[in-house]
Amino acid sequence: MKNHEIARIFQVIAEYLEMEGVRFKPYAYQKAALTLENLKDSVEDIYNQGGLKGLKAIPGVGESIAQKIEEYLNTGKIEYYEEFRRKLPIDLDALIAVEGMGPKKAKMLFEKLGITNLTELEEAARSHKIAPLKGFGDKTEANIIEGIEFVKKSTGRFLLGEVLPLADRVLATLRALPEVQRADVAGSLRRMKETIGDLDFLAISSQPEKVMDFFVSQPEVVKVYGRGQTKSSVRLRQGVDMDLRVIPPGSYGAALQYFSGSKEHNIALRQIAIDKDYKLNEYGLFEGDRMIAGATEEEVYAKLGLPWIPPELREDRGEIQAAQAGTLPTLIRLEDIRGDLHVHSAWDGGVNSIAEIAQAAMALGYEYVGISDHTQFLRIEHGLDEKQLRQRNREIDALNEKLRRAGKHFTVLKGCEANIMNDGSIDITDEVLAELDYVIAGIHSTFRMPRVEMMARLRTAMNNPHVDIIAHPTGRILKKREEYEVAVGELLKIARETGTILEINSYPERLDLGDSNILAAKRTGVKMIINTDAHHIDQLRYLPYGIAQARRGWAEKDDIVNAWGLKKFLEFMKPGR
DNA sequence: GCCGTTTTCGGCCCGACTGTTTTCAGTCG
């Protein structure tokens, strides 16, 4: 799909415009980029069927942007963008990925020091060339160095949400090949880790040659590292490396186990094999020279005296002991989820109407959906004030009435994503909060607060009898920003004491709480909720990423409040309303 | 550059914070 390519270009155009200090236009390009990113249909199809007029029907796309899409579809480039790149030939994306660096600073550093990329930025910062510049200083320079270090730590890894759709596509194509009897994804992707280094595929095939031919000649391959009988490695245009191994059927389970990892889990498993005088490797489980298991994972685990362990648990975090004791958790599944409670509507600048959201949620088989628009503090997100919240509530009431009359067993809940101010207070009056079905509260400003103050802030918010759920509790942004100063142990204790639910946010950059915090929450007896934070109905499909985190954190149905029916869910909300 | 149940022009993207300054520019949500 060209949608993503064009969205990316629009995003960079927005940054270039920002750089030049142009007002409002960046917003228009950003909005168009967001819409394209989430569009279900390909712009090629839309253009082929409806021409320029069809493109202009896309929200946020007008005359000028439609023409640029047309230009890209016809020529593969957009001259407006190329012009910017000639004028300011810098790796803008990489530079502003550094926390604290924005388009303006990037421009300044290019003009004064000729900095075009991360390496040059780091060199300049380390040799103290940046601090003396007007508008910069020692702290900015130190922050840049810190930011670069964080970015470097996470380079080479991709978000689960970035690579999973890609891997699914490759896997589906592999499985469709007549020469392939079986194919699976292994590695950290199978374990659904939040970030992925590279993709490992395994296959059984009677004609490995043909499978390898296919693998190395996929349209997105830009580099072939190697092509052999049993293993090939390639790099895709998206920057991801992929391996494919063809495995003999008798070893397939052992190989799947071995290449799924984690390394720590495998070491522990091999130790069990050694204790039984066996040997375990990627070819099978051996007693002396005799293979006693290998075709399936189940038989490998069984011969080691263990039930099959779900890949998400394979981190040597106690899953082997639990398996031995027969106490493995029954992990939460996508099918268990009854509703999504963190969804933004057009009321706060999201894309879709509440009716559209309800429709989409029903199509996903949900029993309820909660609208959680931003509140007034977040002006940029068009946060609602009390009056607007009430207006919106009336719309929801009317919609519920309509659904009821149509005989639908579906409920739209009235919520909000309120802001936790620096002192822990909420930016909406108690009176209006009490009129909602539930309240999510989150921190959206002043992240660099010292730990003691941050915890006091959170404690105050969680003690508020109207605050039911804390959104993205640690504030981390994967590959971009560390957690804010949260003492997770203390947070969990307060959550338990106050009956506050902690969110598992499914947004691919967040996945917050993360897996180990989820496990800690479960052990503390804190309830959680898996939400998408969707700003567009297509983002309701982010939920599996949150489910994956929850599964990695050992969560079961009982731990997750939106796996409960509506009545039980509502009864669990605080009695402050 | 987009958009319209007040508008085809004039709004939209505001407010807090940080780090730099001595009144403000840049960044972030």
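Taking full-length UniProt numbering, the leading residue of the first sequence gets 1, the next gets one more, and so forth.
For every residue, glycine included, the Cβ atom is placed at its ideal position computed from N, Cα and C.
Since His382 and Asp348 should fall inside the 8 Å C-beta cutoff, what is the C-beta to C-beta distance between them, to a whole number of angstroms? About 5 Å separates the two Cβ atoms, so the contact holds.
Going by DSSP, what residues sit across from Ile426 in a beta bridge? According to DSSP, Ile426 bridges with Ile420.
Opposing strand residues paired with Met242 [DSSP bridges]: Leu199 and Val234
Own chain partners of Leu109 with C-beta closer than 6 Å, once the 5 adjacent residues on each side are dropped: Ile115
Can we say the stretch 524-538 touches the stretch 338-356, given the rule of at least three CB pairs closer than 8 Å? yes
Would you mind giving the Cβ-Cβ distance between Val43 and Lys2, rounded to the nearest angstrom? I have them listed as a contact below 8 Å. 6 Å
Measuring only the C-alpha atoms, how far is Thr296 from Asn505? 34 Å
Residues bridged to Lys414 by DSSP? Ile371
As assigned by DSSP and simplified to three states, the class of Asn281: strand
From Arg23 to Leu36, what distance separates their C-alpha atoms? 22 Å
Going by alpha carbons, who is nearest to Ser372 out of Ala418, Pro508 and Lys276? Ala418
Residues in the same chain with beta-carbon distance under 8 Å from Leu478, minus the five sequence neighbours each way, listed in chain order, please. Ser154, Leu159, Glu194, Thr195, Pro508, Glu509, Arg510 and Leu511
I need the straight-line Cα distance from Arg577 to Leu491, nearest angstrom please. The predicted position of Arg577 is uncertain, since its pLDDT is 46 and thus under 50; a value taken from the coordinates is nonetheless stated next. C-alpha separation (whole angstroms): 23 Å.
Asn74, enclosing alpha helix (DSSP H) - first and last residue: Glu63 to Thr75
So what does Asn505 bridge to, in DSSP terms? Asp512 and Asn531
Indicate whether Val234 and Val216 have their beta-carbon atoms separated by less than 8 Å. yes
Quick one: what's got a C-beta closer than 7 Å to Ala273's C-beta in the same chain, skipping five residues either side? Lys279, Leu280, Leu285 and Leu304.
To the nearest angstrom, how far is it from the Cα of Val185 to the Cα of Leu244? 9 Å
Opposing strand residues paired with Val180 [DSSP bridges]: Ser205
Mind checking whether Val526 and Ala548 have CB atoms under 8 Å apart? Cβ distance not < 8 Å, so Val526 and Ala548 don't count as in contact.
Pairwise C-alpha distance: Phe447 and Ala97: 17 Å
Compare the C-alpha of Asn117 against each of Asp93, Glu356 and Ala131 and name the closest. Asp93
Using a 10 Å radius around the Cβ and a threshold of 16 neighbouring Cβ atoms, would you call Ile380 buried or exposed? exposed
May I have the straight-line CA-CA distance separating Glu335 from Gly546, to the nearest angstrom? 13 Å
Under the DSSP definition of a beta bridge, which residues are partnered with Phe158? Ile196
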